[in-house]
Structures are given as structure tokens and as C-alpha cells.
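Chemist: Have a look at the structure that comes next, please.
Numbering (mature numbering (1 follows the signal peptide of the UniProt record, and there is no 0)), first residue to last: -28 to -1, 1 to 370.
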């Protein structure tokens, strides 16, 4: 081998090394490779462990995992406890108008004069009166009696006790004339927002929404929030209508807020269309979402690496067997990546059952062969073709 050939080989080696270095940074990508995502996961259903970078869990989706994967109705009104499954005890309140009827066992007592003689009933009916701002009513010979916060039965007993030494075996009955308490507030996207009184028989969430005129927005875009004291829960309206367990009894002072929110998901990577997409139905499955994105790009996408990014409920991950103890959960859940392998013959059945959630990000990785093709395309572009490569090397060695 002569000196010129040696110099040519040396220059060729330098050019190839430089090209490799440039290609590592210059070759375009739509995002991280699936291998990068998997290797950096903080927890995995296969028990792979790593704590690199942003902490998240990765789950290989199988049919057995589907029942545990949360949907948009992961929150539950059932969280308000078993008491919400029965009507709340209705108590009197400020603004209620009531009427008292007082019975005595015989004439000649406090309210029934002896001259009245025999009659169908020894009773007197007092005029209706409103429970005042101080929570009290006035009863002849009993004075002011606290009514607000009392049940009807308890108030009747209190008045009877006060009249016991003056009337003949008094018995008291109370009836509502006008019920203004307790109230529940209904706000948001309903026809008639406002305050509504609760009936003694009890009102459920859907009862109150119906009394407010119903929704003014599509059901699949509607959400219902219930606030009680310091607790709050929010579910999709269709989850409320389809699951009787969620249609709990409303309690005094509850606030129901109905909102309309256009649900969205996002698609990036090797798909026919990338971008932001709207839900057009109440339940959206991965199969339909991939259809919106025009499917996987043939010859570019890696069907084994379709990834769904979301914030997952910690309990759901634990039921899948994922150890999330070393992951710092955010306020809205644990960062999670679901991995779906479309190479498997039953993958489309799986995609038909995997629910897409509001805010999900779907990413399809490039196939490894695409990266190799990019390398050779870049090599050709940088050097101007193999003929030009040889000419360039000859020029450098001359």
C-alpha cells in the first residue's frame, strides 16, 4: 500500500467518524424513542426499576390491565359516604313558614273553653308564622321557642313540654305552609340556576338538576361537581346517569355545579395526522383516536411502541401491581405511560376497550429502520453522493 492510499484511508476514517457524530445530533426525530422512554421509567408493571430524570411509571397494556385503568369518571360521589344513600334528615330553618295545631284531651283547658262542650276535636289552630332570623317562633303561653335546626318531631315535643302544666294533656302537630329551608344551590350550565329547597322525601343529584331545568350543553361534554362542607367530587354527567350508585341524595347546603368542557386529546409522532383532537362522543377508545390521527404511517411507525401519556390515579396503578412508592405523585395523579403493541394480532380488540381520557397524549415512535434510513439519507445529502465522496477524498489526499 503506497503513501497516497494510506492517506486516503486516514481521511476516509476521519470523514466517516465525523459523519457518525453529526448524524447522532442531526438526524430528525418526532420525539424520544420507545427504548428511551422505557429505560427511563421509574416503575413498570414488569418490575423494571430505574429512577432517571422525570419520575413516571410505565405499563405494558394487556387485557388483564384494562379493568384497572381509570377513565374520566374516576372521581366518585360515593366518596361522600354511606349516609348519602339515604335521604338526609330535614330540619327546620330560618324562613320556613309553619302552622301549629294544639290538641287538648277535653274542654275546659288552656285553649278549649268549658262552654265549648262536645265537638269533633278539642283543638285550636294557630295562624301560620315564619321562623324568624333568630331561629325562633312564638307560641301562646309557651313564649319564644327555638325552631331552626330542630326536626318537626322534636319541636312538637318541646312545645308540649312547655304547655304540660297549663293545658290538659296537650299534643302538638306542625305542618309546613311554605318550605324555604333547607336549600341546595345549582349553578352552571343548567336552564334555571338558583337555590332549591329539599323535599322531606329526599332529592337526589339528578332530581335537583331536573328541577333546575336540565342541561344546556351536550351530555358528553358535561361534568357535575358536588361540594359539601370542605369536600368536593366531580364526575362526568353520563357517568352520573348510567351508574345509580353515583346518583346520591343531596344534603342541605350542598352546591351542585354543572360545567361544559370540551374534552381533548393530542397525537404526536409517526401518524398520518398530528395535533389536537376533540372528543365527539362521551366515550372515546384508542381505536377511534388512532382513526382520527389517520393511523400509523406505514414504513415509518413502530407498531410495537404506541404510547399513551397521562396522570393516573395511584390506586389504579397499585391494583395493576405497579410499585409507585418511589414516585412523587402530582396533585392530579402519577405520571404514567401506557404502552400498546399493535404488532400483536389481538391488539385491535385491546384498542377497542382502552378508554382515552381528556388530556391524554398519544405518541407513536419511529421504527429503528427509519433511523437507519435517515442516517444514509443524511450521509448522501452531506457528501453529495458516493461519487462525490471519492472525489472529495482524492482532492484531500492530493
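Virtual Cβ for every residue (Gly too), placed ideally from N, Cα, C.
#1: Quick check on this structure: which residue in 193, 194, 171, 191 has the alpha carbon closest to the alpha carbon of residue 183?
#2: Report the rounded CA-to-CA distance for residue 204 versus residue 134, giving the unit in angstroms.
#3: If I measure Cβ to Cβ from residue 315 and keep anything under 7 Å in the same chain, skipping five residues before and after, which residues do I get?
#4: Do you know whose CA, among 162, 161, 180, 329, lies nearest residue 168's CA?
#5: What does the alpha-carbon distance come out to for the pair residue 265 and residue 37?
#6: Check this for me: beta carbons of residue 230 and residue 196, under 8 Å apart or not?
#7: DSSP state of residue 24, grouped into three classes?
#8: Excluding sequence positions up to five away, which residues of its chain have a Cβ less than 6 Å from the Cβ of residue 116?
#9: Could you tell me if residue 24 is buried or exposed, where buried requires 16 or more neighbouring beta carbons within 10 angstroms of its beta carbon?
#10: Under the rule that 16 or more other beta-carbon atoms within 10 Å means buried, what is residue 97, buried or exposed?
#11: Going by C-alpha to C-alpha distance, which of 146, 72, 95 sits closest to residue 78?
#12: With a Cβ-Cβ cutoff of 8 Å, do residue 279 and residue 309 count as a contact?
#13: In whole angstroms, what separates the C-alpha of residue 282 from that of residue 145?
#14: Kindly identify the DSSP beta-bridge partner or partners of residue 198.
#15: Enumerate in chain order the residues of its own chain whose CB-to-CB distance from residue 164 is below 7 Å, with the five nearest sequence positions on each side excluded.
#16: If residue 74 sits next to residue 154, beta carbons under 8 Å apart, how far is it from one beta carbon to the other, in whole angstroms?
#17: If you follow the alpha helix (DSSP H) that residue 286 is in, where does it begin and where does it stop?
#18: From residue 302 to residue 211, what distance separates their C-alpha atoms?
#19: Buried or exposed for residue 261, going by 16 or more other Cβ atoms inside 10 Å?
#20: Step through the CB atoms of chain B and report whether any lies within less than 8 Å of the CB of residue 308.
#21: Could you tell me if residue 123 is buried or exposed, where buried requires 16 or more neighbouring beta carbons within 10 angstroms of its beta carbon?
#22: Nearest by alpha-carbon distance to residue 128: which of 150, 71, 104, 174 is it?
#23: If the criterion is Cβ atoms closer than 8 Å, does the pair residue 371 and residue 152 meet it?
Modeler: If we stick to the structure as given:
#1: What you label residue 183 is simply residue 211 of the chain shown in a count that begins at 1. If we check each option's Cα against that of residue 183, 171 comes out closest.
#2: In the chain shown, residue 204 corresponds to position 232, counting from 1. In the chain shown, residue 134 corresponds to position 162, counting from 1. Their Cα atoms are separated by approximately 42 Å.
#3: The residue labelled residue 315 in the question sits at position 343 within the chain shown. Excluding positions up to five away in sequence, the list reads 275, 276.
#4: Along the chain shown, read from residue 1 onward, the residue named residue 168 stands at position 196. With distances taken between Cα atoms, residue 168 lies closest to 180.
#5: On the chain shown, position 293 is the one that residue 265 refers to. On the chain shown, position 65 is the one that residue 37 refers to. Their backbone Cα atoms lie some 25 Å apart in a straight line.
#6: Here residue 230 refers to the residue found at position 258 when the chain shown is read from its first residue. Here residue 196 refers to the residue found at position 224 when the chain shown is read from its first residue. Cβ atoms of residue 230 and residue 196: closer than 8 Å.
#7: Numbered from 1 along the chain shown, position 52 holds the residue referred to as residue 24. Residue placement at residue 24 cannot be trusted, given a pLDDT of 46 that sits under 50; what the coordinates show is reported in the next sentence. Coil, per DSSP.
#8: By one-based count along the chain shown, residue 116 stands at place 144. For residue 116, where only same-chain residues beyond five positions count, the Cβ hits under 6 Å are 108, 110.
#9: Position 52 of the chain shown, counted from the start, is the residue given in the question as residue 24. Because residue 24 sits at a pLDDT of 46, beneath the cut-off of 50, its placement in the model cannot be relied upon, and the point is left open.
#10: Along the chain shown, read from residue 1 onward, the residue named residue 97 stands at position 125. When all chains shown are included, residue 97 counts as exposed.
#11: Looking up residue 78 in the chain shown gives position 106. Ranking the options by Cα distance to residue 78, first place goes to 95.
#12: As a first step, residue 279 is located in the chain shown; it is residue number 307 there, counting from the start. As a first step, residue 309 is located in the chain shown; it is residue number 337 there, counting from the start. Cβ distance < 8 Å, so residue 279 and residue 309 count as in contact.
#13: Position 310 of the chain shown holds residue 282. Position 173 of the chain shown holds residue 145. Residue 282 and residue 145: Cα-Cα distance of roughly 59 Å.
#14: Within the chain shown, numbered from 1, the residue matching residue 198 stands at position 226. In the DSSP output, where bridge partners are listed per residue, residue 198 has 205, 228.
#15: Residue 164 sits at position 192 when you count from the first residue of the chain shown. Counting only Cβ-Cβ distances below 7 Å, and skipping sequence neighbours, we find 184, 185.
#16: Here the question's residue 74 lines up with position 102 in the chain shown. Here the question's residue 154 lines up with position 182 in the chain shown. Rounded, the Cβ-Cβ distance is 26 Å, inconsistent with contact.
#17: Taking the chain shown and counting its residues from 1, the one referred to as residue 286 is at position 314. Residue 286 -> alpha helix (DSSP H) spans 286 to 291.
#18: Here residue 302 is taken as the residue at index 330 of the chain shown, counted from 1. Here residue 211 is taken as the residue at index 239 of the chain shown, counted from 1. If I take the Cα positions, the gap works out to 25 Å.
#19: Along the chain shown, read from residue 1 onward, the residue named residue 261 stands at position 289. Flag for residue 261 reads buried.
#20: As a matter of chain content, chain B is missing from the structure shown, which is built from one protein chain.
#21: The residue labelled residue 123 in the question sits at position 151 within the chain shown. By the neighbour-count rule (16 or more Cβ atoms within 10 Å), residue 123 is not buried but exposed.
#22: In the chain shown, the residue the question calls residue 128 occupies position 156. Per the Cα distances, 71.
#23: Summary: the structure shown does not reach residue 371, with the chain confined to residues -28 through 370, and so no result is reported for it.
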